[in-house]
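Scroll down for the structure; my scribbles are underneath it.
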Amino acid sequence: MKKVAAALVGLMLIPVLVGGAASGSGSSLSIDASAVQDIPEDYGRLYVQAAARFGFEWQLLAAVGKVECDHGRGDCYRPNSAGAMGPMQFMPDTWMAYRTSSGEPPYDVYDARDAIFAAAAKLSADGIAKRPRAALFSYNHSQVYVDEVITWAVRYGWFSGDAQTLATAVLTNDNIELDAAARSDLEAGLVDQRVLAALLHLAMDHRLGSVGPFVTGHSVYVDGTTRVSNHAVGRAVDISIVDGAA
Numbered sequence: 300m301k302k303v304a305a306a307l308v309g310l311m312l313i314p315v316l317v318g319g320a321a322s323g324s325g326s327s328l329s330i331d332a333s334a335v336q337d338i339p340e341d342y343g344r345l346y347v348q349a350a351a352r353f354g355f356e357w358q359l360l361a362a363v364g365k366v367e368c369d370h371g372r373g374d375c376y377r378p379n380s381a382g383a384m385g386p387m388q389f390m391p392d393t394w395m396a397y398r399t400s401s402g403e404p405p406y407d408v409y410d411a412r413d414a415i416f417a418a419a420a421k422l423s424a425d426g427i428a429k430r431p432r433a434a435l436f437s438y439n440h441s442q443v444y445v446d447e448v449i450t451w452a453v454r455y456g457w458f459s460g461d462a463q464t465l466a467t468a469v470l471t472n473d474n475i476e477l478d479a480a481a482r483s484d485l486e487a488g489l490v491d492q493r494v495l496a497a498l499l500h501l502a503m504d505h506r507l508g509s510v511g512p513f514v515t516g517h518s519v520y521v522d523g524t525t526r527v528s529n530h531a532v533g534r535a536v537d538i539s540i541v542d543g544a545a
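If you count the sequence shown from 1, you need to add 299 to reach the numbering used here.
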């Protein structure tokens, strides 16, 4: 693992209570180390620096870079059919508005530093620290795009300050089939974000069927005990089918 990737992994190990629903205990799920290792060292450094300068989490910026041009590895060094350019896929007018954000002229939309700092400036101006979904939609007018970016950000270890951001991503994810009670729990804001992050992480590689419930329908106590169940406080979920198998 490259040094920057190793440092990022060390910073982002976040426990997620996903297991032990029957016993009332929890197990932990770390971020996706392989996804972080896939970020090129120079891009990882720039994501961290730019996001810090503009006051939001680097994982969101890295997720935009991943979805837009696979951290500079995609076909992004010539305008695409819509006219978007560079590793962060700027349209010409938007680039002109934010191109000086790196503070290091001359400015080039195909330069990773200039593009990443410009993207961070735009996302910050659009309020990503408080309204991540709205800011991402402003960057690319597609809810599918927004959900994909948020899922990658979660994979890099991000948790939202807006409780409904991850809930909405779970509700709209095509790989997560929720039962009616689970959908109601999400809409009511009853589910711990760490559980939602785990579901989004799993749904990157698997189809999850008959998911739920989270809270509704479960006893407050673990069966046969006086211990409060993780389900009762929104920290557990039942998943009955994975990739079509019970």
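Ideal Cβ placement from N, Cα and C applies to all residues, glycine included.
When secondary structure is reduced to three states using DSSP, Glu340 falls in the helix class. Judged by their CB atoms, Asp446 and Thr471 are nearer to each other than the 8 Å cut-off. A residue is called buried when at least 16 other Cβ atoms come within 10 angstroms of its Cβ; Thr524 does not meet this threshold and is exposed. With a contact defined as Cβ atoms closer than 8 Å, Asp537 and Gly508 miss out at about 11 Å.
Judged by DSSP secondary structure, Gly508 falls within the beta strand (DSSP E) whose first and last residues are 507–510. The beta-carbon separation of Val469 and Leu495, rounded to 5 Å, stays under the 8 Å limit for a contact. Linking Gly543 to His505 through their CA atoms gives a straight-line distance of about 9 Å. Leu489 is not bridged by DSSP to any residue. In its chain, beyond the 5 residues on either side, Trp357 have a beta carbon closer than 6 Å to the beta carbon of Val347. Note that the region 372–391 touches the region 402–414; at least 3 beta-carbon pairs, one per stretch, sit closer than 8 Å.
When the Cα atoms are used, Pro404 and Tyr397 turn out to be separated by approximately 13 Å. The alpha-carbon separation between Val443 and Ala334 amounts to approximately 20 Å.
Of Asp478, Leu498, Met503, Thr464, the smallest CA-CA separation from Gly488 is found for Thr464.
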